[in-house]
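Below: one structure, written as structure tokens.
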Ligand SMILES: *Cc1c(COP(=O)(O)O)cnc(C)c1O
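Numbering (the working numbering), first residue to last: 48 to 431.
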């Protein structure tokens, strides 16, 4: 295989070819980022509409080789749903929800896992493992099944029961652990070292970011290549935040969006686990581990994200910020939008709505802004 992309380290100046099963930089331990030799022509924008409505319509932007078939369940091209009631209530020009609950397996984890499993299987992986707060495990189980590979998933005992159940529905082996996702990560890495299984935990391999990058490509296409002013993203490991930051950068460089199109990225966390918010408030360049992570929004329960420094860089470079909301506020917002608008909001999506309301009340998100809010996963998976 000849790759027309390389890996560059996000922490030092190391570079690496893309073959084999890349993990993190062997020099400094930071995550790799994919750098392509190709730069898709703006003329390609017009051809997209005729392609199937999945994230693979952007294949020129993605880590696939000519003629290669991705491992896919039809992920991506989720609807962007306008919320006029919230626009009126908050005095904003436009509020859109990117409804990621409509992906295969009910969350946006499908995007990253489709890309990661595609590359790993092409490189010979036949067995996978991951720690999860719930949705990543369900997605890996499904994409592993699709690829004919074996999957083991490590999840905290506090994970919502439906999510745990879905792991088994897709034929994967579930290991329930005491503690949080960091504890599960240690167990998953130990098992990988012992058996040769490939660990696709957040940012420990470079391709989940590329899958999540399609969030940014889709928002651009769905908004007619005019990016919004602000994007609110419920943040755990930060794959999507980093992915969108990378997508917008690549789109600007290739001339697909204006040089001035620079959405402010807002990281939304729960007050019970907010390492990114604490780092932003301290003007720090790395996150420090959060001691006792507790929140009903299990996707946000990531106390020590590997991509902390990268997330903080994405927030700084886009003029963004980070904000924490309480579990009461995020659950109330999710319930209100689900009942009032018909969207199956997860608690993480509820956090993004509550954060939008808080930031627009203080003026941090100005009147007349065009805003995109993420509903990252389906609410039904959290209800028992
Ligand atoms: C994983 C997850 C998140 C956090 O996503 P990251 O890209 O890891 O920050 C948010 N919401 C849901 C529903 C998730 O499953």
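Quick reminder that beta carbons are idealized off the backbone N, C-alpha and C, glycines included.
For residue i, three-class secondary structure by DSSP
{"i": "residue 322", "result": "helix"}
{"i": "residue 117", "result": "coil"}
{"i": "residue 220", "result": "strand"}
{"i": "residue 412", "result": "coil"}
{"i": "residue 103", "result": "helix"}
{"i": "residue 252", "result": "coil"}
{"i": "residue 392", "result": "strand"}
{"i": "residue 199", "result": "strand"}
{"i": "residue 244", "result": "coil"}
{"i": "residue 420", "result": "strand"}
{"i": "residue 303", "result": "coil"}
{"i": "residue 89", "result": "helix"}
{"i": "residue 230", "result": "helix"}
{"i": "residue 78", "result": "strand"}
{"i": "residue 166", "result": "helix"}
{"i": "residue 161", "result": "helix"}
{"i": "residue 52", "result": "strand"}
{"i": "residue 342", "result": "coil"}
{"i": "residue 35", "result": "This structure does not reach residue 35, given that the chain is present from 48 up to 431, and the question cannot be answered."}
heavy atom of ligand 1 below 8 Å from residue i C-beta
{"i": "residue 287", "result": "yes"}
{"i": "residue 328", "result": "no"}
{"i": "residue 395", "result": "yes"}
{"i": "residue 347", "result": "yes"}
{"i": "residue 249", "result": "yes"}
{"i": "residue 201", "result": "no"}
{"i": "residue 322", "result": "no"}
{"i": "residue 284", "result": "yes"}
{"i": "residue 280", "result": "yes"}
{"i": "residue 182", "result": "yes"}
{"i": "residue 156", "result": "yes"}
{"i": "residue 423", "result": "yes"}
{"i": "residue 344", "result": "yes"}
{"i": "residue 293", "result": "no"}
{"i": "residue 260", "result": "no"}
Pairwise C-alpha distance: residue j and residue i
{"i": "residue 239", "j": "residue 353", "result": "18 Å"}
{"i": "residue 324", "j": "residue 370", "result": "6 Å"}
{"i": "residue 187", "j": "residue 86", "result": "30 Å"}
{"i": "residue 15", "j": "residue 265", "result": "This structure cannot speak to residue 15, because the chain is shown only from 48 to 431."}
{"i": "residue 366", "j": "residue 310", "result": "8 Å"}
{"i": "residue 397", "j": "residue 314", "result": "13 Å"}
{"i": "residue 223", "j": "residue 232", "result": "12 Å"}
{"i": "residue 68", "j": "residue 170", "result": "6 Å"}
{"i": "residue 227", "j": "residue 307", "result": "40 Å"}
{"i": "residue 335", "j": "residue 77", "result": "15 Å"}
{"i": "residue 184", "j": "residue 201", "result": "8 Å"}
{"i": "residue 65", "j": "residue 269", "result": "31 Å"}
{"i": "residue 338", "j": "residue 97", "result": "49 Å"}
{"i": "residue 351", "j": "residue 176", "result": "19 Å"}
{"i": "residue 380", "j": "residue 133", "result": "11 Å"}
{"i": "residue 400", "j": "residue 376", "result": "9 Å"}
{"i": "residue 118", "j": "residue 162", "result": "8 Å"}
{"i": "residue 248", "j": "residue 408", "result": "37 Å"}
{"i": "residue 106", "j": "residue 374", "result": "38 Å"}
{"i": "residue 172", "j": "residue 196", "result": "8 Å"}
{"i": "residue 333", "j": "residue 363", "result": "12 Å"}
{"i": "residue 99", "j": "residue 225", "result": "42 Å"}
{"i": "residue 261", "j": "residue 108", "result": "9 Å"}
{"i": "residue 83", "j": "residue 427", "result": "38 Å"}
{"i": "residue 250", "j": "residue 181", "result": "17 Å"}
- Touch check for the segment 151-162 and the segment 240-257: three-plus C-beta pairs under 8 Å? yes
- Item | Given 8 Å, three or more beta-carbon pairs between the segment 332-343 and the segment 286-305 | no
- Item | Touching by the beta-carbon criterion (3+ pairs, under 8 Å), the segment 92-107 and the segment 66-82 | no
- Message: Does the structure place the segment 347-361 close enough to the segment 316-331 that three or more beta carbon pairs sit under 8 Å?
- Response: yes
- Query: Is it true that the segment 191-208 meets the segment 272-283, where meeting means three or more beta-carbon pairs spaced less than 8 Å apart?
  - Reply: no
- Task: Inspect the CB distances between the segment 212-231 and the segment 138-145 and report whether three or more fall short of 8 Å.
- Result: no
- Taking one C-beta from the segment 383-397 and one from the segment 288-297 each time, how about it: are there three or more such pairs within less than 8 Å? no
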